[in-house]
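Worksheet: the structure to be examined is printed underneath.
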Amino acid sequence: MILDLNILADLAVDFTPRAYVRVTPMARSLTPLGAGFGRTRFASPTNGFKVIYLAQDLTTGVAETLIRDRFQGRARRKLLEVEADLWGATEVTAAAPLTLIDLRTTGLLRLGVSTDAARGKAQSQGRKLSQAIHDQTDAQGLLYSSRLTARTCLCLYDRALPGPLQATPVIEVSCLVGFVDALRELNVTLIAKS
């Protein structure tokens, strides 16, 4: 995929995340900024680079990791506490701006890329786009809107890490004061251990 470099330059913004949330498996709690390969929306389809994702708030972070589409078409929307206990959250703040490609508004249209790249349920278009942006620019990542909450999210490439980023210790999401409120906002009930 070849992208217009002038449009990419126009879409590049300096963005300084403050207290953005990363929801991550507790098994990785010792490396709150640890990046990995994967089959996620903006992961490299060739394993050419690693990524991490940050969300504007806890609700979006939980929606993007624990909830996703699992309750689609279901009236009963219940999450077992034992499953929630497998996940933690950290707040990430940058001490200096990151250079990100902003895909939140007309960026995809201007690039001539399917809006499914950032907004569709299927993720293959997003992976191809991310690979092209990574290969054709020096951007440190992408700024996009969550398809689940419409709030701002970041996908950061490994070349941005750790860079100016600092993370708080990872805490189990079920221990966070706002976790039950986040689930309530997503119409999900937490079921306690028995």
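Just remember that my numbering sits 10 ahead of the position in the sequence shown, which is counted from 1. Glycine included, C-beta positions come from ideal geometry on N, C-alpha and C.
Residue interval of the beta strand (DSSP E) (run including Ser155)
For the purposes of this step, residue 155 is taken as residue 145 along the sequence shown, with counting starting at 1. Taken as a continuous stretch (DSSP letters only), the beta strand (DSSP E) holding Ser155 covers Gly151 to Ser155.
How is the alpha helix (DSSP H) around Arg129 delimited, first residue to last?
Your numbering for residue 129 matches position 119 in the sequence shown. Looking at the DSSP string, the run of the alpha helix (DSSP H) that includes Arg129 is Asp126 to Arg129.
Which of helix, strand or coil DSSP assigns to Phe7
Nothing about residue 7 can be reported from this structure: the residues present for the chain run from 11 to 204 only.
With 16 other CB atoms within 10 Å as the buried threshold, where does Gln82 fall?
As a working note, residue 82 is residue 72 in the sequence shown. Exposed: under 16 other Cβ atoms inside 10 Å.
Quick check: Val102 and Ala177, are their CB atoms within less than 7 Å of each other?
Stepping through the sequence shown from its first residue, residue 102 is reached at position 92. Stepping through the sequence shown from its first residue, residue 177 is reached at position 167. Contact flag set, yes.
Less than 7 Å between the C-beta atoms of Gln150 and Leu196, yes or no?
In the sequence shown, residue 150 corresponds to position 140, counting from 1. In the sequence shown, residue 196 corresponds to position 186, counting from 1. Contact: no.
Exposure label - Cys163; buried when at least 16 CB within 10 Å:
Translated into the one-based positions of the sequence shown, residue 163 becomes position 153. Buried: at least 16 other Cβ atoms inside 10 Å.
Given this structure, state the Cα-to-Cα distance separating Ile62 from Leu40, to the nearest angstrom.
Within the sequence shown, residue 62 is the residue found at index 52, counting from 1. Within the sequence shown, residue 40 is the residue found at index 30, counting from 1. In a straight line, the C-alpha of Ile62 is about 15 Å away from that of Leu40.
Hey, how far is the Cα of Trp97 from the Cα of Thr115?
Here residue 97 corresponds to residue number 87 of the sequence shown, with the count starting at 1. Here residue 115 corresponds to residue number 105 of the sequence shown, with the count starting at 1. Their Cα atoms are separated by approximately 31 Å.
On the three-state DSSP scale, how would you describe Val102?
The residue you call residue 102 lines up with position 92 of the sequence shown. Three-state DSSP puts Val102 in a strand.
Chain-order list of residues whose beta-carbon lies under 6 Å from that of Val180 (same chain, five-residue window excluded)
Walking along the sequence shown from the start, residue 180 turns up at place 170. Excluding sequence neighbours, Val180 sits near Ser39, Pro42, Gly98 and Thr100.
Using only the alpha-carbon positions, how far apart do Val33 and Ala105 sit?
Start at 1 with the first residue of the sequence shown, and residue 33 comes out as number 23. Start at 1 with the first residue of the sequence shown, and residue 105 comes out as number 95. Val33 and Ala105: Cα-Cα distance of roughly 20 Å.
Top-ranked residue by Cα proximity to Ala94, from Leu76, Leu175 and Leu166
Here residue 94 refers to the residue found at position 84 when the sequence shown is read from its first residue. Nearest C-alpha to Ala94: Leu76.
For Thr205, which residues does DSSP report across the bridge?
Residue 205 lies beyond the residue range present for the chain, which begins at 11 and ends at 204; the question has no answer from this structure.
On the premise that Leu153 lies in contact with Leu110, defined as a C-beta separation below 8 Å, what is that separation, rounded to the nearest angstrom?
The residue you call residue 110 lines up with position 100 of the sequence shown. The residue you call residue 153 lines up with position 143 of the sequence shown. About 4 Å separates the two Cβ atoms, so the contact holds.
Contacts around Glu91, its chain only, beta-carbon distance under 8 Å, and the 5 residues preceding and following it disregarded
In the sequence shown, counting from the first residue as 1, residue 91 sits at position 81. Hits under 8 Å: Ser184, Leu200, Ile201, Ala202 and Lys203.
Report the option in Phe47, Ala29 and Tyr30 whose CA atom is closest to the CA atom of Asp168.
In the sequence shown, counting from the first residue as 1, residue 168 sits at position 158. That would be Phe47, whose Cα lies nearest to the Cα of Asp168.
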